[in-house]
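In full-length UniProt numbering, the protein residues as written are 1 to 204.
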């Protein structure tokens, strides 16, 4: 392999040519050309390959680098399309390098190579595990309130916006004013109709 414009290129030597590090002949062998000279594959990996942040082993020369989101962001390193015939990849996220098979959810161990994920402290989490552990549960439907979805919070409890409904008319209250009554919640018209005292004369 020769590192040059357009990426590494496969090649073999047909003349006497030595590795810049171990000085062994590169005749008939694959090599990688660096600025200071050619290197045999073992020497290149030993001196220039990155170390996987997860397993602490070297990431070989045959892994293509795939960049991740910038620091402080979650995201995805792929588009979700499986590519079984593609060569193994070196994944790069927040100044850390990973083998493709080592880039996994800290909780459930599923691969994150082509999955949305979130970085929580030093832990990489798939969306399911992140939501299960850090997202609120809707008090009405008991389902997770996904990050970024519309919700309503009151008195330490959380609802999906469409789950927060009037106990009388059963319509979503949304951003309208409401009146709590023990464990029930009413829109103002329903509460007044149900509980407000009426004028003896006009009945309003």
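Don't be surprised by glycine CBs; every beta carbon is placed ideally from N, CA and C. Note that the structure is predicted; figures quoted are calculated from it, not measured.
{"Asked": "Take residue 44 and list the residues in its own chain whose beta-carbon comes closer than 7 Å to its own, dropping the five residues that flank it on each side.", "Found": "32 and 61"}
{"Asked": "Report, in whole angstroms, the separation of the C-beta atoms of residue 124 and residue 105, which I expect to be a contact under 8 Å.", "Found": "6 Å"}
{"Asked": "Taking 8 Å as the cut-off, decide whether the C-beta atoms of residue 129 and residue 107 are in contact.", "Found": "yes"}
{"Asked": "Taking C-alpha atoms, which residue in 40, 41 and 93 lies nearest to residue 53?", "Found": "93"}
{"Asked": "For residue 104, which beta-bridge partners are listed by DSSP?", "Found": "111"}
{"Asked": "Taking only runs that begin and end inside the segment 119-192, name each unbroken alpha helix (DSSP H) of 4 or more residues, in chain order.", "Found": "127-134"}
{"Asked": "How long is the line joining the alpha carbons of residue 103 and residue 46, rounded to whole angstroms?", "Found": "22 Å"}
{"Asked": "Just to confirm, is the Cβ distance from residue 55 to residue 99 under 8 Å?", "Found": "yes"}
{"Asked": "What residues in its chain sit with their C-beta under 8 Å from that of residue 241, if we drop five residues either side in the sequence?", "Found": "Lying before the first or after the last residue shown, residue 241 is absent from the chain, which here runs from 1 to 204."}
{"Asked": "List the residues that DSSP assigns as beta-bridge partners of residue 215.", "Found": "Any property of residue 215 remains undetermined from this structure, which presents the chain solely from 1 to 204."}
{"Asked": "How big is the Cα-Cα spacing for residue 24 and residue 41?", "Found": "11 Å"}
{"Asked": "Assign residue 197 to one of three DSSP states: helix, strand, or coil.", "Found": "coil"}
{"Asked": "In terms of residues, what are the limits of the beta strand (DSSP E) holding residue 31?", "Found": "31-34"}
{"Asked": "By Cβ distance, which residues of its chain are closer than 6 Å to residue 136, with the 5 residues on each side in sequence left out?", "Found": "145 and 158"}
{"Asked": "From the DSSP output, which residues share a beta bridge with residue 18?", "Found": "25"}
{"Asked": "Between the C-alpha atoms of residue 156 and residue 184, what's the straight-line distance to the nearest angstrom?", "Found": "15 Å"}
{"Asked": "Rounded to the nearest angstrom, how far is the Cβ of residue 205 from that of residue 134, given a contact under 8 Å?", "Found": "Only positions 1 to 204 of the chain appear in this structure, which leaves residue 205 out of reach."}
{"Asked": "Per DSSP, residue 40 is paired with what?", "Found": "31"}
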